[in-house]
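What follows is a short report on a single structure.
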Amino acid sequence: MDHDMPAHGHDVGSSLLEWLLPVLALLAAAGAYLLLARRARRRNPVLGWSRWRTAWFLTGTALLGAALLPPVAPFAHQDFRGHMTQHMLIGMYAPLALVLAAPVTLLLRTLPTARGRRLTTVLHSPPARVTARPVVALVLSTGGLAVLYFTPLYNATTSNPAAHWLLHAHFLLAGCLFAHVIAGPDPAPSRPGVRARLVCLGVAIAAHAVISQLMYGGFWVDIHAPIDQVQAGAEIMYYGGDIAELLLAAALVATWRPDHRRAAPQEAATFREVSAPS
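Printed below as a string of structure tokens:
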């Protein structure tokens, strides 16, 4: 570990642009979800669309906004503790909220029949099935942390804005994939049973703990930041990760249906809407 941390050299104009684009993107995403939820209620008033799902999506976008905008974003550029806070929000907390919003189910309810069928075909394709396996999601989400902090990759992202945004995208997508595999309410043809998912979640918890402890002790990490910042960031990762994973476990329990006949009618109705002839 070094005792200095590279700072991003942004002028005022580029900083404003960097903050404006996420705001517009998040507002567009929230607006699109609200529009689709309204369409789902009109298209099938019996099934409707859960307001809790909508609240989860808006919560997820709000968490992303908190991570990508001041005061967290400038703090993350200057301090490793800010980076770790940003990582927790983008990679663990926001993905759980977004996944609980069931965006794929909403799309299947509202897309035109032909597009819905194409989406269903993609979801059942071999690449999608492989990607949605717990081991793959675990490697992409938790395994990526070891690559980031135990190689020069993290230091490279602090001086390269494009790499920094790619890192954000990886955190978000890998976090959404892992949350979906473990506890997502959306259809998942290759999702294993509850026991396998609990084992996968347990491995993730253990891996987070080991990585954060190695980081705190300064073993093998390659982070150019003051030691006190790295240790504080490791604590944020340790305790913040525990809380996020407990929430994920709670979501798994909440979305688990021991009697598949209870969950079948709604899912079947969704796919009937997609498969119905035009």
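When you read off a place in the sequence shown, starting at 1, and then add 234, the result is the number in this note's numbering. We put the beta carbon where it would ideally sit given N, CA and C, even for glycine. In this text the structure is predicted, and so the values were computed from the model without any measurement.
Minimum C-alpha distance to residue i - residue among the options
i, options, result
"residue 329", "280, 481 and 341", "481"
"residue 335", "352, 295 and 354", "295"
"residue 312", "368, 424, 376 and 389", "389"
"residue 429", "353, 272 and 368", "368"
"residue 490", "297, 431, 461 and 442", "431"
"residue 357", "421, 387, 427 and 378", "421"
"residue 362", "260, 376 and 424", "424"
"residue 270", "344, 441, 252 and 392", "344"
"residue 256", "391, 392 and 399", "399"
"residue 252", "364, 355 and 395", "395"
"residue 483", "462, 459, 452 and 437", "437"
Run of the alpha helix (DSSP H) containing residue i, from where it starts to where it stops
i, result
"residue 446", "428 to 451"
"residue 326", "First-last for residue 326: undefined, no H or E at that position."
"residue 404", "395 to 417"
"residue 464", "461 to 489"
Cβ pair residue i, residue j closer than 8 angstroms
i, j, result
"residue 314", "residue 455", "no"
"residue 265", "residue 333", "no"
"residue 175", "residue 274", "Within the shown structure, residues of the chain are numbered from 235 to 512, placing residue 175 beyond reach of any answer."
"residue 326", "residue 475", "yes"
"residue 316", "residue 309", "yes"
"residue 410", "residue 372", "no"
"residue 380", "residue 324", "no"
"residue 486", "residue 416", "yes"
"residue 383", "residue 457", "yes"
"residue 443", "residue 473", "no"
"residue 412", "residue 359", "no"
"residue 297", "residue 331", "yes"
"residue 469", "residue 450", "yes"
Heavy atom of the ligand ATP within 7 angstroms of residue i beta-carbon
i, result
"residue 398", "Although the ligand ATP was asked about, the structure shown includes no ligands whatsoever."
Could you check whether the region 402 to 418 touches the region 312 to 331, counting it as contact only if at least three pairs of C-beta atoms, one from each stretch, sit closer than 8 angstroms? yes
So, does the region 286 to 306 touch the region 342 to 361, judging by three or more C-beta pairs under 8 angstroms? no
Report the residue ranges of all alpha helix (DSSP H) runs contained in full by the region 324 to 392; include only those spanning at least 4 residues, in chain order. 328 to 334, 337 to 344, 347 to 357, 360 to 365, 368 to 372, 378 to 383 and 387 to 392
Could you tell me which whole alpha helix (DSSP H) segments of length 4 or greater appear in the region 261 to 310? 285 to 302
Are the region 304 to 311 and the region 330 to 341 touching, with three or more C-beta to C-beta distances below 8 angstroms? no
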